[in-house]
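Taken in order, the sequence shown gives residues 1 to 291; the numbers are from the UniProt record's numbering. Here's the structure we're looking at; comments come further down.
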Amino acid sequence: MHGFGDSSEPLFESAKIIEEVVLQQMRAIVKRSCEIADRRASSTKSNILSGEDLLFLLRRDKVKLRRLVRYLELKELGCSVNKILETDMPENITDADQLNDISKKLPFQSFLEQIDNTGELLENTPSNMDDIKQQRCVRAEIVTRSMDEIRYMKYSKARRVSFANKNRHKFSDWVCTDGDITLSKQAYTILGYLAYETVAQIVDLAFLVRQDQSKIHGDPIDRQRLNHVNPFTYKPYIASHYYHGKSVATKPLTPSEISEALRRYWSPQLAMTGPFNKWSMRRPHLKLLSC
Numbered sequence: 001m002h003g004f005g006d007s008s009e010p011l012f013e014s015a016k017i018i019e020e021v022v023l024q025q026m027r028a029i030v031k032r033s034c035e036i037a038d039r040r041a042s043s044t045k046s047n048i049l050s051g052e053d054l055l056f057l058l059r060r061d062k063v064k065l066r067r068l069v070r071y072l073e074l075k076e077l078g079c080s081v082n083k084i085l086e087t088d089m090p091e092n093i094t095d096a097d098q099l100n101d102i103s104k105k106l107p108f109q110s111f112l113e114q115i116d117n118t119g120e121l122l123e124n125t126p127s128n129m130d131d132i133k134q135q136r137c138v139r140a141e142i143v144t145r146s147m148d149e150i151r152y153m154k155y156s157k158a159r160r161v162s163f164a165n166k167n168r169h170k171f172s173d174w175v176c177t178d179g180d181i182t183l184s185k186q187a188y189t190i191l192g193y194l195a196y197e198t199v200a201q202i203v204d205l206a207f208l209v210r211q212d213q214s215k216i217h218g219d220p221i222d223r224q225r226l227n228h229v230n231p232f233t234y235k236p237y238i239a240s241h242y243y244h245g246k247s248v249a250t251k252p253l254t255p256s257e258i259s260e261a262l263r264r265y266w267s268p269q270l271a272m273t274g275p276f277n278k279w280s281m282r283r284p285h286l287k288l289l290s291c
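Below, the structure is given as structure tokens:
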């Protein structure tokens with residue numbers, strides 16, 4: 001959470017809510033990926049999840065898909081460079097041909113070409129600019145302006161935290177408790193990335209709620225746009241007990257801000273036909289945050 005802009009001392013209650021949401025989201029992603037794997041295996045039931053099964057979930061959001069492919073591309077590039085450094089002599093590590101061969105083909109390019117019926121998934125145009133990623137970079141730059149070296153090193157370490165690097169088996173046991181599902185190495189990497197993006201998305205939405213706290217009272221028509229907190233469900237968090245008199249640069253995200261952010265994201269009113277459905281009589285469908 002600190003790596004996405006939250007305080008260096010986040011509230012335990014907030015972290016607990018995010019942990020529960022991430023677990024629910026990861027299990028939902030695995031369940032949907034298993035359904036895709038079963039259809040791919042046609043007659044037999046498949047218990048092995050591949051990276052293609054997880055990528056297929058992102059086919060309708062080309063920005064998020066490009067963000068994931070870019071992450072996999074950089075990760076593969078780093079692994080290839082490390083192999084060159086380990087096997088070649090120092091005078092050969094700057095060979096241009098070797099470095100060019102590494103980044104010629106995108107990860108899962110053949111699979112993406114198969115599912116890209118319109119040609120939009122692989123195109124690289126200005127309209128595909130990742131605004132959310134850009135906003136995160138701007139927020140990170142603003143946060144680090146007033147940091148000293150010690151605080152910046154701590155912040156940099158928080159940004160490099162991953163779910164599936166060194167603790168891959170713990171992450172698998174946490175998500176797949178039954179043990180009947182086997183994830184490939186690529187699926188581990190992608191699922192860990194999706195968990196990372198889920199936390200980032202929750203923090204992004206919670207900061208939007210914090211910005212809108214001063215807009216509770218306003219135009220009655222404008223309030224229907226769902227960019228204001230719900231006065232019946234939102235309860236300001238009394239944080240003085242948890243600060244213990246310490247002064248912090250950024251106030252930690254509160255459970256009420258996170259809950260309000262999730263309520264907005266999962267509200268059926270945000271759907272195109274939401275106002276015309278009797279959604280209040282049934283449990284709302286919990287959309288995936290990272291897909």
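Positions of the beta carbon are idealized from the N, C-alpha and C atoms, including for glycine. All values reported here derive from a predicted model rather than from experimental measurement.
Contact defined as beta carbons within less than 8 angstroms: I believe residue i pairs with residue j. What is the distance between those atoms, to the nearest angstrom?
| i | j | result |
| --- | --- | --- |
| I48 | S184 | 7 angstroms |
| I190 | L55 | 7 angstroms |
| L68 | L58 | 6 angstroms |
Ends of the alpha helix (DSSP H) at residue i?
| i | result |
| --- | --- |
| E52 | 51-55 |
| G179 | Here G179 belongs to no alpha helix (DSSP H), and DSSP marks it neither H nor E. |
| Q213 | Neither: Q213 is in no alpha helix (DSSP H) and is coded neither H nor E. |
| S156 | 149-159 |
Quick one: residues in its chain with C-beta nearer than 7 angstroms to the C-beta of residue i, no 5 flanking neighbours on either side, listed in chain order?
| i | result |
| --- | --- |
| Q201 | L289, S290 |
| R159 | G3 |
| Y71 | Y193 |
| Y196 | S162, F163 |
Spatial neighbours of residue i within its chain, please: CB distance less than 8 angstroms, with the 5 preceding and 5 following residues excluded, ordered by chain position.
| i | result |
| --- | --- |
| V21 | T198, I202, L262, L289 |
| D180 | N47 |
| Y152 | T144 |
| K64 | L58, E197, S290, C291 |
| E113 | L122 |
Helix or strand or just coil, what does DSSP make of residue i?
| i | result |
| --- | --- |
| M281 | Since pLDDT at M281 reaches only 48, below the 50 mark, its modelled position is unreliable, and the value read off the structure follows with that caveat. Three-state result, M281: helix. |
| L122 | coil |
| L11 | coil |
| G5 | coil |
| L253 | coil |
| L74 | helix |
| L288 | coil |
Nearest CA to the CA of residue i: which residue from the options?
| i | options | result |
| --- | --- | --- |
| S8 | P268, L286, L253, I258 | L253 |
| T250 | D131, R210, S80 | R210 |
| K287 | D6, A187, D204, I29 | I29 |
Can you find the residues in the same chain that come closer than 6 angstroms, C-beta to C-beta, to residue i, ignoring five residues on each side of it along the sequence?
| i | result |
| --- | --- |
| N82 | none |
Is residue i close to chain C? Criterion is C-beta to C-beta, closer than 8 angstroms.
| i | result |
| --- | --- |
| V81 | Among the protein chains of the structure shown there is no chain C, as only one such chain exists. |
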